[in-house]
Amino acid sequence: MYDSVENPLRKVTGAALHNPLLLSSIIALSARHLANARLPFLQPGEASPSSAWCSTDRTALLFKHKTLKGLSDAVQDPKLRMMDTTVASALLLVFLNLLESGRDDWNTHLEGMKSIMSQIEVPLERKGTSSQGLGLCVTGLRDFVVRQIYVIEVLGATYTNPKMLLSPSTSPATVTKLLQEKLEHSYLGCPGYILHALGVFSSCRDFLVLPGLKSEKDLEVNIERACSVLTCTEKFDSRAWAAALPQMPSAPVHVDELDILAEVYKIGAQIFGRRVIDALVGETTAQNKDLLVHRLVGLIREIRRNDNLFKCILWPMVIASLECCQIEQKEFLTDCLQRFWLETRCLNVMNAEAILRKRWQQEEGEGSAPSQWIFKIGRLGGDWLLI
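This is how it looks when you write it as structure tokens:
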């Protein structure tokens, strides 16, 4: 959310000076960002990028190929695969995927990181990290990586085919501890409880697509579980959460801003949760009538004035876009996506707009139940990481 000298990614950059694989990952990420900075936001039907951009794109792909080869070699090496810097390199490739498309490859890197992290039990200083000259550059790196794995896993699961992520997620006890983070360590600013709620809702959705017959008892358990978590989500106090966060020593942050950010994620989670419950009980909730979507769009309009926080809300913007019905809302949110592209240069937002246009066309043509997008969005061209 906020950049400072405490930004963990800046410390990763320092660590890269002593680790060729980590350095290669950063160069690949930088090359892709440079290529994207020269790419306009193409509207449907517009001409393809220039040949000059295509050359820059090829250069970025070469750096990516080199990094993937290095990561592949590292995970084959029993010693290298156990290093935090190897996992950090894989995390940077997830970020690279956001810049490239936000499609499919991110889940492969995520599952790989989770597999490696599950095998790393030796304390950081015992793995020879300090002796390699990294010193304080990687202090806290593992905690940062585990936090991002959890955030990406939970938010990513909402826009993918059910059960796409296979291995168990981070343990609740670990997550509770890790999400008590400093503002300057926060990637998106989604409150920990909201992430927990989204994980429960995704699990209940996945239950519906399991092969075989579902017993009435199992169905009732999932309905009760989803309804209970939705009730707690509705009661979540965004302002209290924002006020309790430790302030940054370098610059004060207004509680009002963080309150709005938390509320945006809270409402997005409420909408997602209600759609899951709709699917569980076989009914449809009129989201617009209870003003949830209207309020979400209004808060997005407010947070758009804050450059730092606006870059954190792609996930709730997509929720709002999937649910909105009014032409004015769709136009506003489309404009927000284009602004998001200019701020971040992540190609996943361009794909988000294409997905939403396809979804809106399907709505007009099919008239399917509103809750069905929780199943269908992962079938609109791939498994998407829209954060």
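For the numbering used here, count along the sequence shown from 1 and bump the result up by 111. Ideal placement from N, C-alpha and C gives every residue a C-beta, glycine not left out.
> Exposed or buried, which one is residue 302 when buried takes at least 16 other CB atoms within 10 Å?
Replying inline: Counted from its first residue, the sequence shown places residue 302 at position 191. The residue in question, residue 302, is buried, as its Cβ has 16 or more Cβ neighbours within 10 Å.
> Rounded to whole angstroms, how far is the Cβ of residue 199 from the Cβ of residue 265, which I believe are closer than 8 Å?
Replying inline: Within the sequence shown, numbered from 1, the residue matching residue 199 stands at position 88. Within the sequence shown, numbered from 1, the residue matching residue 265 stands at position 154. Going by Cβ atoms, the distance from residue 199 to residue 265 rounds to 20 Å, so no, they are not a contact pair.
> Buried or exposed: where does residue 197 fall if 16 or more other Cβ atoms within 10 Å of its Cβ makes it buried?
Replying inline: As a position in the sequence shown, residue 197 is number 86, starting the count at 1. Residue 197 comes out buried.
>> At 4 residues or longer, what runs of the alpha helix (DSSP H) sit wholly inside the region 401-462?
In response: 403-414, 418-421, 425-434 and 438-455
> Can you list the alpha helix (DSSP H) stretches of 4 or more residues lying completely in the region 290-355, in chain order?
Replying inline: 303-319, 327-346 and 349-355
>> So, under 8 Å CB-CB, residue 494 and residue 218 are touching, yes? Tell me the CB distance rounded to an integer number of Å.
In response: The count along the sequence shown starts at 1 and reaches residue 494 at position 383. The count along the sequence shown starts at 1 and reaches residue 218 at position 107. Right, their Cβ atoms sit about 6 Å apart.
> Using the C-alpha atoms, what's the distance from residue 390 back to residue 410?
Replying inline: The residue given as residue 410 occupies position 299 in the sequence shown. The residue given as residue 390 occupies position 279 in the sequence shown. Residue 410 and residue 390 have their alpha carbons spaced roughly 27 Å apart.
> Which whole-angstrom value describes the C-beta separation of residue 457 and residue 428, a residue pair presumed to lie in contact below a C-beta threshold of 8 Å?
Replying inline: Taking the first residue of the sequence shown as 1, we reach residue 457 at position 346. Taking the first residue of the sequence shown as 1, we reach residue 428 at position 317. In fact, because the Cβ distance is near 13 Å, the residues do not count as touching under 8 Å.
>> For the pair the region 365-381 and the region 348-357, tell me if three or more CB-CB distances fall below 8 Å.
In response: yes
> Comparing alpha-carbon positions, which option in 182, 206 and 207 lies nearest residue 195?
Replying inline: Position 84 of the sequence shown, counted from the first residue, corresponds to residue 195. When only C-alpha atoms are compared, the closest one is 182.
> In three-state terms, what does DSSP make of residue 192?
Replying inline: Along the sequence shown, read from residue 1 onward, the residue named residue 192 stands at position 81. In the three-state DSSP reduction, residue 192 falls in the helix class (H, G or I).
> Since residue 144 is in the alpha helix (DSSP H), which residue starts that stretch and which ends it?
Replying inline: Position 33 of the sequence shown, counting from 1, holds the residue named residue 144. Unbroken alpha helix (DSSP H) run through residue 144: 131-148.
>> At the level of alpha carbons, what is the spacing between residue 430 and residue 190?
In response: As a first step, residue 430 must be located in the sequence shown, where it is residue number 319. As a first step, residue 190 must be located in the sequence shown, where it is residue number 79. Approximately 42 Å, taken between the alpha carbons.
> Which residue from 388, 432 and 450 puts its Cα closest to that of residue 482?
Replying inline: For the purposes of this step, residue 482 is taken as residue 371 along the sequence shown, with counting starting at 1. The closest CA to that of residue 482, considering only 388, 432 and 450, is found on 388.
> How is residue 123 classed by DSSP in three states: helix, strand or coil?
Replying inline: In the sequence shown, residue 123 corresponds to position 12, counting from 1. Three-state DSSP puts residue 123 in a helix.
> Would residue 393 count as contacting chain B if we go by Cβ distances under 8 Å?
Replying inline: Considering every chain present, this structure includes no chain B. It has just one protein chain.
> In this structure, what does DSSP give as the bridge partners for residue 495?
Replying inline: Taking the sequence shown and counting its residues from 1, the one referred to as residue 495 is at position 384. Per DSSP, 214.
> Taking just the CA atoms, how far does residue 314 sit from residue 321?
Replying inline: Residue 321 sits at position 210 when you count from the first residue of the sequence shown. Residue 314 sits at position 203 when you count from the first residue of the sequence shown. Using only the alpha carbons, I get a separation of about 11 Å.
> How many Å lie between residue 138 and residue 121 at the Cα?
Replying inline: Locating residue 138 in the sequence shown gives position 27, counting from the first residue. Locating residue 121 in the sequence shown gives position 10, counting from the first residue. Between residue 138 and residue 121, the C-alpha separation is close to 14 Å.
>> So the candidates are 171, 165 and 136; which of them puts its Cα closest to the Cα of residue 178?
In response: Indexing the sequence shown from 1 puts residue 178 at position 67. Measuring from the Cα of residue 178, the nearest candidate turns out to be 136.
>> Using a Cβ-Cβ cutoff of less than 8 Å, which residues in the same chain neighbour residue 243 once the five nearest sequence positions on both sides are dropped?
In response: The count along the sequence shown starts at 1 and reaches residue 243 at position 132. With a pLDDT of 44 at residue 243, under the threshold of 50, the predicted position of this residue should be treated as unreliable, and no value is reported.
> Just to confirm, are residue 444 and residue 300 a CB contact at a threshold of 8 Å?
Replying inline: Mapped onto the sequence shown, residue 444 falls at position 333. Mapped onto the sequence shown, residue 300 falls at position 189. It is not a contact, given that the beta carbons lie outside the stated cut-off.
>> Given this structure, state the Cα-to-Cα distance separating residue 484 from residue 187, to the nearest angstrom.
In response: One-based indexing of the sequence shown puts residue 484 at position 373. One-based indexing of the sequence shown puts residue 187 at position 76. Taking the straight line from one Cα to the other gives about 39 Å.
> Quick one: is residue 337 buried, meaning 16 or more other Cβ sit within 10 Å of its Cβ, or exposed?
Replying inline: Along the sequence shown, one-based indexing puts residue 337 at 226. Around the CB of residue 337, 16 or more other CB atoms lie within 10 Å, so the residue is classed as buried.
> Among residues of its own chain, excluding the 5 on either side of residue 433, which ones have a beta-carbon nearer than 8 Å to its beta-carbon?
Replying inline: Residue numbering aside, residue 433 sits at position 322 when the sequence shown is read from its first letter. The beta carbon of residue 433 lies closer than 8 Å to those of 467, 470, 484 and 488 in the same chain, with the five residues before and after it left out.
> Which whole-angstrom value is the C-beta distance of residue 340 and residue 308, which I expect to be below 8 Å?
Replying inline: Locating residue 340 in the sequence shown gives position 229, where the first residue counts as 1. Locating residue 308 in the sequence shown gives position 197, where the first residue counts as 1. Right, their Cβ atoms sit about 5 Å apart.
> How is the alpha helix (DSSP H) around residue 381 delimited, first residue to last?
Replying inline: Start at 1 with the first residue of the sequence shown, and residue 381 comes out as number 270. First-last of the alpha helix (DSSP H) with residue 381: 366-392.
> How many Å lie between residue 144 and residue 210 at the Cα?
Replying inline: In the sequence shown, the residue the question calls residue 144 occupies position 33. In the sequence shown, the residue the question calls residue 210 occupies position 99. Residue 144 and residue 210: Cα-Cα distance of roughly 7 Å.
> Hey, quick one: how far does the alpha helix (DSSP H) through residue 485 stretch, first residue to last?
Replying inline: To locate residue 485, count along the sequence shown from 1; it is residue 374. Run containing residue 485: 484-487, per the alpha helix (DSSP H) assignment.
> Based on Cα-Cα distance, which residue from 225, 203, 208 and 169 lies nearest to residue 193?
Replying inline: Mapped onto the sequence shown, residue 193 falls at position 82. It is 225.
> Excluding five sequence neighbours on each side, which residues of the same chain lie with their C-beta closer than 6 Å to the C-beta of residue 464?
Replying inline: As a position in the sequence shown, residue 464 is number 353, starting the count at 1. Taken in chain order, the residues that qualify are 448.
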